[in-house]
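By my numbering, the letter at position 210 of the sequence shown is numbered 210, and the numbering carries on one by one without gaps.
Working notes, beginning with the structure itself.
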Amino acid sequence: MKTLRVIKLLISFCIILLIFIYCLNLYHPSNSFTPDHRFTFVSPLTLWSNIATGIAEGDEDFHTQTKLMGSETLDMNKQIETINNVILTKPDGIITAASEESKDLREAIQSAVSQDIPVVLVDSDLPNTNRSCYIGTDNYSAGEMAGADMYSATGEKANIGIVVSDLDYPNQLERVEGFIQQISQYDNMKVITILECHSQRLELLEKVPEMLEDNPQIDALFLAEAIASVVIGDVVQTSFPSRDLTIVAFDSTEETIDFVESGTYYSTITQDPVMQGYLAVQTLCQIIDGQPVNDVIHTPTYSIKSDNVETQHALINEDIAWYLY
1 MKTLRVIKLL
11 ISFCIILLIF
21 IYCLNLYHPS
31 NSFTPDHRFT
41 FVSPLTLWSN
51 IATGIAEGDE
61 DFHTQTKLMG
71 SETLDMNKQI
81 ETINNVILTK
91 PDGIITAASE
101 ESKDLREAIQ
111 SAVSQDIPVV
121 LVDSDLPNTN
131 RSCYIGTDNY
141 SAGEMAGADM
151 YSATGEKANI
161 GIVVSDLDYP
171 NQLERVEGFI
181 QQISQYDNMK
191 VITILECHSQ
201 RLELLEKVPE
211 MLEDNPQIDA
221 LFLAEAIASV
231 VIGDVVQTSF
241 PSRDLTIVAF
251 DSTEETIDFV
261 ESGTYYSTIT
271 QDPVMQGYLA
281 VQTLCQIIDG
291 QPVNDVIHTP
301 TYSIKSDNVE
311 TQHALINEDI
321 AWYLY
């Protein structure tokens, strides 16, 4: 009887020990990852999943860890507030984008750098700041490429409406300037109006149909930013099915690529967001190691049409985990 009691006690002890070991491993895994450096990506939009994909690839190659923070709507004030909060956590580097000219953003960058936190800008630059580097598209050249596509699609004759986020945003202004410069050599290609919709879906859904109704001569659209390129294809198909519109879009979201594939858009001008994210991680590592880096690193730009659209599907990645701000 005594022996049986001892055996039961031993079994109970073993069970408790196993539970303890399990819990210990649960909270302190033996294979926990300790990165060489910790970075934070403060993205204007969670839509930028391909830049985040490049960052994840860079993390893997350079043994770093980058926290991805994004917003579902474009809000510069929240982005700046988030950057200032991130600075308090003392990351080894910050990746973000200068979506618009902003004194507060300049001050946030200055605050980070003054605390020895290097800042790399992707997609859109804010020159004459103390940011460490800009990595992204030559937006003026990208606008010229869009203008060349518009010429090819319309045969030197078009009345064009341009849809931008905001002309105060440097990347938007540069794209429009490049586009206008390219088409200005053709007498019968004219810009009728430029519409600012601030990357807001509801604003796009309201203002773009109004623009098309108020300007029946418009027979072509240049969509100079990603949200417009996602939204306007459906607007045209639903509200203006019989109107012959030539559309050149921008960026490589899944929806935009589908519109090119279906023929709704003639082309979309795509950046190389994966490369931008990857190079941002690499460049931060080089800065920390004391290596010199270029002030501006331009990544490739491509014109995607129906005959080469398959090359873009591999870039789409919707599985990125974001922290929302």
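Think of the CB as a built atom: it goes at the ideal place given N, C-alpha and C, for glycine as much as any other residue.
Note that the structure is a prediction, hence the values are computed from the model and not measured.
Is Thr301 near Thr53, with beta carbons less than 8 Å apart?
-> Not a contact, by the Cβ cut-off of 8 Å.
Helix, strand or coil at Leu223 according to DSSP, with G and I counted as helix = Looking at Leu223 - three-state DSSP - the assignment turns out to be strand.
Would you mind working out which of Ile257, Lys90, Asn50 and Ser102 sits nearest Ile351, comparing C-alpha positions?
-> Outside the displayed range of the chain (1 to 325) lies residue 351, so it cannot be described from this structure.
Same chain, Cβ closer than 7 Å to Ser224, neighbours up to 5 away in sequence not counted = The identity of residue 224 in the sequence shown is Ala, whereas the question assumes Ser. Cβ neighbours of Ala224 within its own chain (closer than 7 Å, five residues either side excluded): Ile162, Val163, Val164, Gln172, Arg175, Val176 and Phe250.
Distance, Ser114 Cα to Thr311 Cα | Rounded to the nearest angstrom, the two C-alpha atoms are 42 Å apart.
Look at the Cβ atom of Ala220, then the Cβ atom of Thr268, and state whether they are nearer than 8 Å.
-> Contact: no.
Flag this pair as touching only if the region 42-57 and the region 274-285 have three or more C-beta atom pairs under 8 Å; answer yes or no.
-> Flag = yes, the region 42-57 and the region 274-285 touch.
For the beta strand (DSSP E) containing Ser141, list its first residue and its last residue.
-> Note, Ser141: premise wrong, no beta strand (DSSP E); alpha helix (DSSP H) at Asn139 to Thr154.
Ile109 vs Val120 beta-carbon contact at 8 Å = Taking 8 Å as the Cβ cut-off, Ile109 and Val120 do not qualify as a contacting pair.
Endpoints, alpha helix (DSSP H) assigned at Glu206 = Secondary structure note for Glu206: its alpha helix (DSSP H) is the uninterrupted segment Arg201 to Asp214.
Residue of Gln286, Asp272, Glu261 and Asn215 minimising C-alpha distance to Lys305 | Taking only the C-alpha atoms, the option nearest Lys305 is Glu261.
Segments of 4+ residues assigned as alpha helix (DSSP H) that fall wholly inside the region 240-278 = Taking only runs of at least 4 residues, the alpha helix (DSSP H) segments lying wholly in the region 240-278 are 254-262.
So does the region 33-51 actually touch the region 61-80, counting three or more Cβ pairs closer than 8 Å?
-> Inter-segment contact for the region 33-51 and the region 61-80 is present: three or more beta-carbon pairs are separated by less than 8 Å.
Spatial neighbours of Asn128 in its chain, beta-carbon cut-off 7 Å, leaving aside the 5 residues before and after | So the list is empty, once near-sequence residues are dropped.
Whose CA, out of Glu156, Met150 and Ala97, lies closest to the CA of Ser132?
-> When each option's Cα is compared against that of Ser132, the closest is Ala97.
Measure the CB-CB distance between Ile232 and Val208 and report whether it falls below 8 Å.
-> Less than 8 Å separates the beta-carbon of Ile232 from that of Val208.
Helix or strand or just coil, what does DSSP make of Arg38?
-> Arg38 falls in the strand class under three-state DSSP.
State the Cα-Cα distance for the pair Ile80 and Ala112, rounded to the nearest angstrom.
-> In this structure, the alpha-carbon of Ile80 lies about 12 Å from that of Ala112.
So what does DSSP say about Cys133, is it helix, strand or coil?
-> Correct three-state label for Cys133: strand.
Can the beta-carbon of Met76 be found closer than 8 Å to that of Ser102?
-> Going by C-beta atoms, Met76 is nearer than 8 Å to Ser102.
Assign Pro29 to one of three DSSP states: helix, strand, or coil.
-> Note on Pro29: pLDDT 49, under 50, position unreliable in the model; the coordinate value appears next. The answer is coil: DSSP assigns Pro29 none of H, G, I, E or B.
Between Asp272, Asp234, Pro273 and Asn130, which lies nearest to Asp258 when the distance is taken from Cα to Cα?
-> Out of Asp272, Asp234, Pro273 and Asn130, the CA that lies nearest to the CA of Asp258 is found in Asp234.
Decide if Ala226 is buried, meaning its Cβ has at least 16 other Cβ atoms within 10 Å, or exposed.
-> With 16 or more Cβ atoms within 10 Å of its Cβ, Ala226 is classed as buried.
Spatial distance of Tyr186 from Glu156 (CA atoms) = Distance between the alpha carbons of Tyr186 and Glu156: 6 Å.
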